[in-house]
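Quick note on my numbering: the sequence shown kicks off at 1312 and runs consecutively.
No residue lacks a Cβ here, since even glycine has one placed at the ideal position from N, Cα and C.
Just so it is clear, the structure is predicted and the values come from calculations on it, not from any experiment.
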Amino acid sequence: MTKQEDLNGVKGVSILGSTGSIGKNTLEVIHHFPDHFKVVGLAAKSNIDLLEEQVRTFKPQVVAVEDVEKARVLKDRLHDLAKSGRNSVEVMAGPEGMKSVACHDETQMVLSAMVGAAGLIPTLEAVHVKKRVLLANKEVLVMAGELFVSEVGKRGSEMIPVDSEHSAIFQCIEGGTKQEVAKIILTASGGPFLHKETSELEKVTVEEALQHPNWKMGPKITVDSATMMNKGLELIEAYWLFGLPENQIQILIHPQSIVHSMVEFVDGSVLAQLGVPDMKLPIQYALCYPTRLNGSSPRLNLAQVGTLTFKDPDPEKFPALRLARAALQKGGTYPAVLNAANEVAVSKFLQGKIKFLQIAHLVEAVLEKHQDNGSGMTLLEILESDRWAREEALAWKA
Ligand SMILES: NC(=O)c1ccc[n+]([C@@H]2O[C@H](COP(=O)([O-])OP(=O)(O)OC[C@H]3O[C@@H](n4cnc5c(N)ncnc54)[C@H](OP(=O)(O)O)[C@@H]3O)[C@@H](O)[C@H]2O)c1
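This is the structure we're talking about:
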């Protein structure tokens, strides 16, 4: 297929998590290219005020709300559309609603942008009906990488990364064959606490952890960036996306977030992808792949940026990196347990129930207790490990 043919006609897009940071950025990109994309489905957990606005602007065929009562209220609010017969939208609730959004006949691409484990099932359902999945929801690959990648292959579906680092690697890795790749280098901003001493991290507040220096994101990933668990999750994500051994994936601190990641080849040549830190760029790349369109994002001015710096991460200060790498090395259901324990720990931190440094302590304690029976990785086993780890994490006491 030529590049021109690939973007012929208007492509239908469903967005799982349309009210979040990635979801809103995706709708901005779609709004910019009405001749190329139309919104078919939208899904969120409970923010029906924003969903209503999005429905009236983008006129999807179906909208789903996880919360059943909120779905009922949204249906009432959108009654005028149904009555007019024009642009009527089907309002659905719960898992059935998520499935309808992910699998709608008019949808060609599903932007998976829910936060956390909630996105796993609807994203898998999209794969099962051969949709092209644009993956922002990294927790899907952390929990169920082996199963997910195998289903994508078996069903003839496609997976395009949206995470800026993985989008960068996806673009650079085409510079050689798989055998010619020496390593991939995932860059990390280092988050808001890069320049703090470990002793100072004892007392950091939720507000401080939510002040990311370069990116505006949802609260869970922002806290993950502060602990650097985000980079640990991205390490596992990269492992499944690019199929390289874990010891060929390096993490490098780059506080300016301009070099989004790099690929080093066996001859010593390194390819990097650069751009302003704006998620609209990798989102547009994934939507348009393999074509590039003239976008609306601000352009990179390297003279203005001036200096780009790099250094190795401090393993003492950021134990989450060690925990994620160890979970990946152990394999099986360890990454799913890491993810679930981390989701609970971050939620406890955001509610003021534990301190910042206790996030990693809690995750480590749950991982230490976990016993993988090594019997294989079915969806049921993954979901059971996720459930067990959440229970343990909720019960954890310092
Ligand atoms: N933000 C970024 O720049 C960025 C960059 C790279 C990767 N990512 C990844 O992209 C994903 C989304 O991140 P985000 O920052 O956009 O998160 P966010 O702003 O918190 O948005 C999360 C979205 O998921 C929806 N959601 C949450 N739980 C749900 C459930 N049980 N059922 C249905 N919908 C649910 C939320 O709906 P409500 O609004 O109704 O709660 C919201 O639309 C994460 O996996 C993150 O790691 C994000």
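Proximity of residue i and residue j at Cβ, strictly below 8 Å
i	j	result
glycine 1643	methionine 1688	yes
histidine 1347	lysine 1386	no
aspartate 1535	valine 1451	no
glutamate 1457	glutamate 1545	no
glycine 1352	histidine 1415	yes
leucine 1585	histidine 1565	no
lysine 1410	glutamate 1436	yes
lysine 1548	lysine 1449	Correcting the residue type first, residue 1548 is glutamate in the shown sequence and not lysine. It is a contact, given that the beta carbons lie within the stated cut-off.
alanine 1413	serine 1478	no
glutamine 1595	valine 1340	yes
leucine 1634	alanine 1671	yes
glycine 1408	alanine 1355	no
leucine 1673	alanine 1704	yes
glutamine 1561	lysine 1664	no
serine 1500	proline 1524	yes
alanine 1709	glutamine 1669	yes
proline 1609	valine 1587	yes
leucine 1563	aspartate 1625	no
alanine 1652	glycine 1543	no
Bridge partners - residue i, DSSP secondary structure assignment
i	result
phenylalanine 1348	Lys1322
glutamine 1615	Answer is none; glutamine 1615 lacks a bridge partner.
valine 1581	Glu1575
lysine 1622	Ile1564
leucine 1422	Ile1326, Leu1445
serine 1470	For the sequence presented, residue 1470 should be read as methionine rather than serine. Per DSSP, Val1444.
leucine 1353	Ile1326, Val1374
valine 1570	Leu1585
threonine 1498	Leu1563
methionine 1403	Ala1375
valine 1492	Phe1576
Exposed unless 16 or more other CB atoms sit within 10 angstroms - verdict on residue i
i	result
arginine 1636	buried
glutamate 1679	exposed
threonine 1498	buried
histidine 1390	exposed
aspartate 1474	buried
arginine 1443	buried
glutamate 1575	buried
glutamate 1508	exposed
proline 1433	buried
asparagine 1319	exposed
glycine 1405	exposed
isoleucine 1693	buried
asparagine 1336	buried
glycine 1486	exposed
phenylalanine 1621	exposed
proline 1593	buried
glycine 1685	exposed
leucine 1338	buried
leucine 1691	exposed
glycine 1617	exposed
When the options are compared against residue i, the one with the closest alpha-carbon
i	options	result
phenylalanine 1660	Ala1520, Leu1452, Glu1339	Ala1520
serine 1696	Ser1580, Asn1319, Ser1411, Asn1650	Asn1650
glycine 1502	Ile1495, Gln1490, Asn1541, Gln1640	Asn1541
arginine 1701	Glu1654, Ile1594, Leu1552, Glu1575	Glu1654
tyrosine 1645	Asp1683, Lys1628, Pro1609, His1672	Asp1683
glutamine 1698	Trp1707, Ala1676, Val1648	The question names glutamine, but residue 1698 is arginine in the sequence shown. It is Val1648 whose Cα lies nearest to the Cα of arginine 1698.
threonine 1418	Ala1428, Leu1445, Val1350	Val1350
methionine 1470	Arg1633, Pro1626, Lys1441	Lys1441
tryptophan 1551	Val1517, Leu1446, Asn1525, Asp1625	Leu1446
glutamine 1490	Leu1392, Val1577, Trp1707	Val1577
glutamate 1675	Phe1629, Leu1690, Glu1692	Phe1629
threonine 1538	Val1517, Gly1334, Ile1495	Val1517
aspartate 1378	Ala1429, Val1492, Ser1461	Ala1429
serine 1580	Ser1395, Arg1383, Ile1496	Ile1496
lysine 1527	Ser1568, Asn1558, Val1402	Ser1568
threonine 1368	Ala1382, Val1384, Val1376, Leu1392	Leu1392
histidine 1681	Leu1563, Lys1641, Glu1627, Pro1626	Lys1641
threonine 1488	Thr1618, His1342, Phe1553	Phe1553
Neighbour flag for residue i against chain D, beta carbons, 8 Å
i	result
glutamate 1363	You won't find chain D in this structure, because it holds only one protein chain.
Is the segment 1482–1489 in contact with the segment 1356–1372, if contact means three or more CB pairs nearer than 8 Å?
no
Counting Cβ pairs closer than 8 Å, one from the segment 1455–1467 and one from the segment 1525–1538, do we hit at least three?
no
Just checking, does the segment 1507–1527 make contact with the segment 1592–1607 on the three C-beta pairs under 8 Å criterion?
no
Meets three-Cβ-pair contact criterion under 8 Å: the segment 1324–1344 and the segment 1354–1368:
yes
Three CB pairs or more closer than 8 Å across the segment 1406–1426 and the segment 1607–1617
no
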